[in-house]
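Quick notes on the structure that follows.
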Amino acid sequence: MEEEQFSLAALGSLCLIFQVAASISPASIMSNRWILQAAFLLGFLSITLSINYEELERTQRSSNSACLKLLDQLERRSCLGHRDYFKFPMEVKHPGQMEKKDAAFIIKVMFENIFIVFKNNSSSTGWNESIVREFLGKLHTQIDKLRKILKEVPENERRTSSNYPTIRHLKSYYGRVRRFLEVKEFSSCAWMVVQAEILRNFSILIRLTNIFQN
53 MEEEQFSLAA
63 LGSLCLIFQV
73 AASISPASIM
83 SNRWILQAAF
93 LLGFLSITLS
103 INYEELERTQ
113 RSSNSACLKL
123 LDQLERRSCL
133 GHRDYFKFPM
143 EVKHPGQMEK
153 KDAAFIIKVM
163 FENIFIVFKN
173 NSSSTGWNES
183 IVREFLGKLH
193 TQIDKLRKIL
203 KEVPENERRT
213 SSNYPTIRHL
223 KSYYGRVRRF
233 LEVKEFSSCA
243 WMVVQAEILR
253 NFSILIRLTN
263 IFQN
């Protein structure tokens, strides 16, 4: 059973309701009981809706598998002279006791940035364009699902670059990947290096998805 997560705003609302209730006489409480009931209801409406992690795990596994299969279908060849070390954030590579909510935000950021990388000019690779389009379509579909799910998280609990350094580290990492492609002028070998790097990303995405079942 998922633990209910209470936002600070919700707790503040409930505390205020209890203070008001304590100041009202028993007779007034009986005659205005419906007002208090409505107030309690409004307070609980501020509580974070629990995310269905079982459903999220199912859709994410399906998306990981479909994207990985499509990425693997794209032609690969060795380009030893073009290798680079992009420095993937270690805290994501080895998530440890990461919370489910945090894992969901990180997966969303990874999918968004992989989408941005593969929207770049890959014509030099000779890849099947229909496979690339389908790959981008799968990414986009899951990004939309993740965004809708994570809207349930109150604003003060959402993970962004400004309040969660891991997301900032991830965006810097994908920035290095994009700059590598630009410096190499989107050459075929540069894309082979990036393809291999993103394939490794999916191993990490699978690890992050496993957090939802714990």
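Residue numbering for the sequence shown follows this note's numbering, starting at 53 and increasing by one per position. Glycine included, C-beta positions come from ideal geometry on N, C-alpha and C.
Pairwise C-alpha distance: residue j and residue i
i: N104; j: R110; result: 10 angstroms
i: R129; j: F264; result: 35 angstroms
i: L198; j: V169; result: 19 angstroms
i: N116; j: G148; result: 20 angstroms
i: K171; j: N165; result: 10 angstroms
i: A155; j: K145; result: 11 angstroms
i: D136; j: V229; result: 9 angstroms
i: N253; j: D124; result: 13 angstroms
i: Q112; j: I258; result: 9 angstroms
i: M244; j: E207; result: 39 angstroms
i: V235; j: A242; result: 9 angstroms
i: E106; j: F138; result: 33 angstroms
i: N262; j: S174; result: 32 angstroms
Distance between beta carbons of residue j and residue i, contact taken as under 8 angstroms
i: E127; j: T177; result: 7 angstroms
i: I159; j: L260; result: 5 angstroms
i: L122; j: I183; result: 6 angstroms
i: T218; j: E151; result: That pair is no contact at about 12 angstroms.
i: I201; j: L120; result: So it is not a contact: roughly 21 angstroms between Cβ atoms.
i: F157; j: Y225; result: Actually they do not touch by this definition, with Cβ atoms about 15 angstroms apart.
Review point. Is there contact between the segment 182-191 and the segment 203-213, where contact requires at least three CB pairs shorter than 8 angstroms?
Key: Segments in contact, no.
Exercise for review: For the segment 117-184, list the alpha helix (DSSP H) runs that are entirely contained and at least 4 residues long, ordered along the chain.
Suggested key: Listed in chain order, the complete alpha helix (DSSP H) runs (minimum 4 residues) inside the segment 117-184 are 142-145, 152-170.
Practice item. Enumerate, from N- to C-terminal direction, the unbroken alpha helix (DSSP H) stretches of 4 or more residues contained entirely within the segment 191-258. Key: Within the segment 191-258, the complete alpha helix (DSSP H) runs of at least 4 residues are 217-235.
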